[in-house]
Structure formats: structure tokens, C-alpha cells
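Protein chains in written order, with the numbering used here: chain D, 83 to 336; chain H, 4 to 159.
These notes are about the structure you will find just below.
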């Protein structure tokens, strides 16, 4: 029987969402329409419309050493063109943000090629060739992985994941890169991800409501969402892993 | 530093407070006689970007505003999330919830009694501020910031 990945244990809605996001066959729901130009503005690596800077000549113009792996792996568009490696970093609130740092790295490894994800407790960075990055970043922002209020594109000064939300329901941001336009109910970026002011505001849509967030989150939270201890299957799994790891620490001889 | 003999309370809210809400609450609190000191705690909102590629750039922030408490105006330096209070006696504590209830209408809050302000300078304080630091403000404001406490005229 062919191996069928299960992705993640658990019986709750959170575990379901995790499985959906991790499964590359599951098409992520598109929720908003942030343009290429807007994504480039938020990231702030190049001016929209300007040429991509390169780190090396295009692969077609340079002599490649004889290598079986290079023959086997098709280079991504960015690698083919010799683009620089750039990044986008997201901070996700633990108050029911739809995606979480550990999940991001996991799902990106399943869904994207030529990436170098870095995971930290409250933020996650993804590095890859600029051309590919823009494509991936657009998907990360436009789909159900993003919530304008609870997810932030933050290159530096990322603190906010574990802090209480503010009265407007926005995650804390020391640099306040995005603000809630109360009249229109839309979140707009006024600074790029490292905190430099933008010439034009970038609208990223309305924050999702609590019901949607609770139904789409991938984090367990006993106060505002689904409690970890309510998921019997996940508890059983984690206790098994814990038990096996402890036992292995003693090098049992059978 | 604070003296161990005075009772202390802290007000914790479900959400970080907007400057307008903070102003409203503090204006209610100053009407309660017998609050010796207050500290507004929360994540800092610096005037300039402190680090990263945009270091040194101005950092306009909608939550860093000048608020008026009584007849004093103060520029907030934090996004207020917790308010620490030092009281003259425990008899004042019952007056605090009613002041909070008037302000926090859309989210919950909690008032706890305990010890939240420093009573002794720590080793780290000594290393940071040296032996001649002003002991009256250690643990309340950074002695190196040269911004002393704001004194509000009481109603006693």
C-alpha cells in the first residue's frame, strides 16, 4: 500500500486546519487581492517596476560544473535568473491567528521550492530568490494564512506574538506598520516591513471576525479558542513521543 | 523604590489600552484619595526606531499620545497594559473596581493585590545605574532616561 501522509494528529478543528494547511493537495482559500506591486512595497526590497538585482549571471550564461544533482533538479525562475536572496518575515498573534510560525515553515517546505525558512517562537522568516519570493509572499498574504489584524509582515522589531491585542483588535507593533482605518474598517500598511514609511498606503483588507478566526486558526488557546487538553488524540500522541524520548535517553536494552 | 509598608494593587485589562481609555481611567483614579504612586506598564513605544535597518528613523505611533490627567499633561511612553498602584491604606481598594467598571465597558479587567514595585535595588540595577543612582525612582523609571516621575496634585 502506498504511503499516505497524515500530516498532523488531533481531532479538533485546530488539528483539521493544520492538516489542511500542510497538505499541498489542499488549495488554500483565496480571501483578498493584494497586488504584486503592493507586496513589493510591503517587503521594501526593491522599487516596484525596477529590475531585479542579481547575485550572479543567469545560469544559461555561466558554465556549470558537471554535476548529476544539477541535472536532476530544475532551478526555480529566480535561481535561473541569478536573483539576490531576499526575505519576508511574519509575526503571528497567539490570539487565534490563522497560521503560526512553526506551521509556516512546515507548510512552505511542502508547498514551495528553493526556500530557506527560519522558525522562531513568535515569528517566521522565509528566504529565497527575489522573484520566487514575491510569488510566494503574494500567496502567503492573499490566502487564508493571513489575517490583516493578527498577522504582520515584520522584518525587524517583531514583538507582538504573545502580547494582548489592543482595543481595536490589532496585534501590538512597536513600529505600527499597519493601522486600522476605523471608517473603512480596512487595515493598511503605512510602513514597509522594516519600518520605513511608505509613500502610498497599502490596503490589505478587512480583519477577519472572531468566528472565522476560531474556525480557521492553527493554534490551541484555552481562553480564546480550542484548548490543547481538549484534543485527546493529540495529547496521546505527544505523551507517546515524550515517553519514547525519555526512555531512549536511558538507552534501554531489550 | 517603594516602602514595604504600603499596600499595592495592579489593574490588568484584557486588551492593551488606547491612550483615550488610559486618560479616562487615570482621570477617574486621581479622584480617589490615597493613591501614592502609579506606574503605567506595557511594551515601550520609542520615538525613533531603536534597531534594525531603519534604526534612527522617526517612529510615529498612534498609541503614543499626550494625555491630560487632572491638570498635568503626560506623553505616554508605553502601550499601557497594566497599571500598578501604591496605596496609602487597604481601605481604598474597594473604590478601584467602580472606577474601572465605568471605563472598561467592552472588555474585562482584573484588580489584584500584591507586591509589584521594587523595594530594594537589585544587583542588575547596581550594574546598570551605578552606586549613585537615585534610589527613589529605581524600579519605577529608568534613572538614565532623566525623565523623573510626574507629580499629580492630589485632592487630599
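Ideal placement from N, C-alpha and C gives every residue a C-beta, glycine not left out.
Using a Cβ-Cβ cut-off of 8 Å, state whether residue i counts as contacting chain D.
i                      : result
residue 119 of chain H : no
residue 57 of chain H  : yes
residue 30 of chain H  : no
residue 65 of chain H  : yes
residue 24 of chain H  : yes
residue 49 of chain H  : yes
residue 84 of chain H  : yes
Can the beta-carbon of residue i be found closer than 8 Å to that of residue j?
i                      : j                      : result
residue 97 of chain D  : residue 316 of chain D : yes
residue 224 of chain D : residue 124 of chain D : no
residue 18 of chain H  : residue 89 of chain H  : no
residue 256 of chain D : residue 65 of chain H  : no
residue 165 of chain D : residue 134 of chain D : yes
residue 284 of chain D : residue 302 of chain D : no
residue 43 of chain H  : residue 81 of chain H  : yes
residue 151 of chain H : residue 11 of chain H  : no
residue 92 of chain D  : residue 52 of chain H  : no
residue 252 of chain D : residue 262 of chain D : yes
residue 209 of chain D : residue 184 of chain D : no
residue 14 of chain H  : residue 85 of chain H  : yes
residue 159 of chain D : residue 214 of chain D : yes
residue 219 of chain D : residue 121 of chain D : yes
residue 102 of chain H : residue 32 of chain H  : yes
residue 191 of chain D : residue 199 of chain D : yes
residue 205 of chain D : residue 236 of chain D : yes
residue 2 of chain H   : residue 24 of chain H  : Nothing can be reported for residue 2 of chain H: it is not among the residues displayed for chain H, which extend from 4 to 159.
residue 155 of chain H : residue 72 of chain H  : yes
residue 67 of chain H  : residue 79 of chain H  : yes
residue 297 of chain D : residue 95 of chain D  : yes
residue 95 of chain H  : residue 55 of chain H  : no
residue 269 of chain D : residue 260 of chain D : yes
residue 138 of chain H : residue 124 of chain H : yes
Does any residue of chain H bring its CB to less than 8 Å from the CB of residue i?
i                      : result
residue 145 of chain D : no
residue 254 of chain D : yes
residue 209 of chain D : no
residue 276 of chain D : yes
residue 241 of chain D : yes
Quick test of your reading: residue i and residue j, contact by CB under 8 Å. State the CB separation rounded to the nearest angstrom.
i                      : j                      : result
residue 186 of chain D : residue 172 of chain D : 7 Å
residue 76 of chain H  : residue 69 of chain H  : 5 Å
residue 203 of chain D : residue 243 of chain D : 7 Å
residue 286 of chain D : residue 114 of chain D : 7 Å
residue 299 of chain D : residue 178 of chain D : 4 Å
residue 110 of chain D : residue 226 of chain D : 6 Å
residue 163 of chain D : residue 136 of chain D : 7 Å
residue 107 of chain D : residue 216 of chain D : Actually they are not in contact, since the Cβ atoms of residue 107 of chain D and residue 216 of chain D sit about 24 Å apart, beyond 8 Å.
residue 100 of chain H : residue 114 of chain H : 6 Å
residue 145 of chain D : residue 138 of chain D : Incorrect: roughly 12 Å between the Cβ atoms, too far for contact.
residue 141 of chain D : residue 157 of chain D : 6 Å
Chain H partners of residue i, CB-CB under 9 Å?
i                      : result
residue 261 of chain D : 65
residue 238 of chain D : 52, 54, 55, 56, 57, 58
Please list, in chain order, the chain H residues whose beta carbon lies closer than 7 Å to that of residue i.
i                      : result
residue 301 of chain D : Correct list: empty, because the minimum Cβ distance to chain H is about 18 Å.
residue 257 of chain D : 52, 62
Whose Cβ in chain D lies nearer than 9 Å to the Cβ of residue i?
i                     : result
residue 17 of chain H : 246, 247
At a CB-CB cut-off below 7 Å, which residues of chain D make contact with residue i?
i                     : result
residue 20 of chain H : 249
residue 46 of chain H : 241, 245, 254, 256
Just to check, is the beta-carbon of residue i closer than 7 Å to a non-hydrogen atom of the ligand ATP?
i                      : result
residue 156 of chain D : Only the bare structure without any ligand can be found here, which leaves the ligand ATP out of the picture.
Step through the CB atoms of chain A and report whether any lies within less than 8 Å of the CB of residue i.
i                      : result
residue 101 of chain D : Of the protein chains in this structure, namely D and H, none is chain A.
Select from the region 146-171 of chain D all residues with a C-beta closer than 8 Å to any C-beta belonging to chain H, and list them in chain order.
Under the 8 Å Cβ criterion, the region 146-171 of chain D contributes no residue.
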